[in-house]
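Worksheet: one structure, shown below.
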Amino acid sequence: MIRKMSQSKVLSGVFLASFGLVSGAVIWAYVATKNIEGPIVVHFNNSDGISQTGTFFDLLLIGVTSAVMVVVNFILALELEARDLFLGKIVAAATFFLSILIFIAFAAIISVN
């Protein structure tokens with residue numbers, strides 16, 4: 033596994049950036065919402081207004097699930113990279129894109145609160 037990681041530096045870099053986005057979003061959410069005493073607005077839309085509230089634990093669960101997704105996709109991409117160069121890079125790009133979307137979701141939750 034370590035040998036595959038050292039051979040695939042591009043994949044390792046992309047997944048490190050993806051993991052950094054997800055973990056950075058969770059840390060940013062903690063810092064931004066630690067002084068909020070009431071419930072945190074988790075979901076808001078223009079037509080209904082606030083549709084779901086929660087605590088930081090709910091945000092933490094989203095972050096942990098996202099981090100697990102990044103790690104599993106990293107292992108999958110390493111195995112695919114050994115068989116086909118294109119498929120590993122597709123998984124890496126899709127994971128990076130999803131990490132950006134998760135970061136944006138955390139930013140939206142922080143801005144509402």
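So for the sequence shown, this note's numbering puts the first residue at 33; every next one is plus one.
Beta carbons: idealized from backbone N, C-alpha and C, even for Gly.
None of the values given here were measured: they were computed from a predicted structure.
{"query": "Where ALA114 falls, given that 16 or more other Cβ within 10 Å makes a residue buried", "result": "exposed"}
{"query": "Validate contact between the stretch 46–57 and the stretch 126–137 using beta carbons, cut 8 Å, 3 pairs", "result": "yes"}
{"query": "Where SER79 falls: helix, strand or coil (DSSP)", "result": "coil"}
{"query": "Spatial neighbours of ALA124 in its chain, beta-carbon cut-off 7 Å, leaving aside the 5 residues before and after", "result": "LEU43, VAL46, PHE47, ALA109"}
{"query": "DSSP state of GLY70 mapped onto helix, strand, coil", "result": "coil"}
{"query": "For ASN145 and ILE72, believed in contact at Cβ under 8 Å, the rounded distance", "result": "5 Å"}
{"query": "Continuous alpha helix (DSSP H) stretch holding THR87: start and end", "result": "Segment: none, THR87 is in no alpha helix (DSSP H) and carries neither H nor E."}
{"query": "Under the three-state DSSP convention, the category SER55 falls into", "result": "helix"}
{"query": "Start-to-end residues for the alpha helix (DSSP H) that takes in SER143", "result": "117–144"}
{"query": "Where SER40 falls: helix, strand or coil (DSSP)", "result": "coil"}
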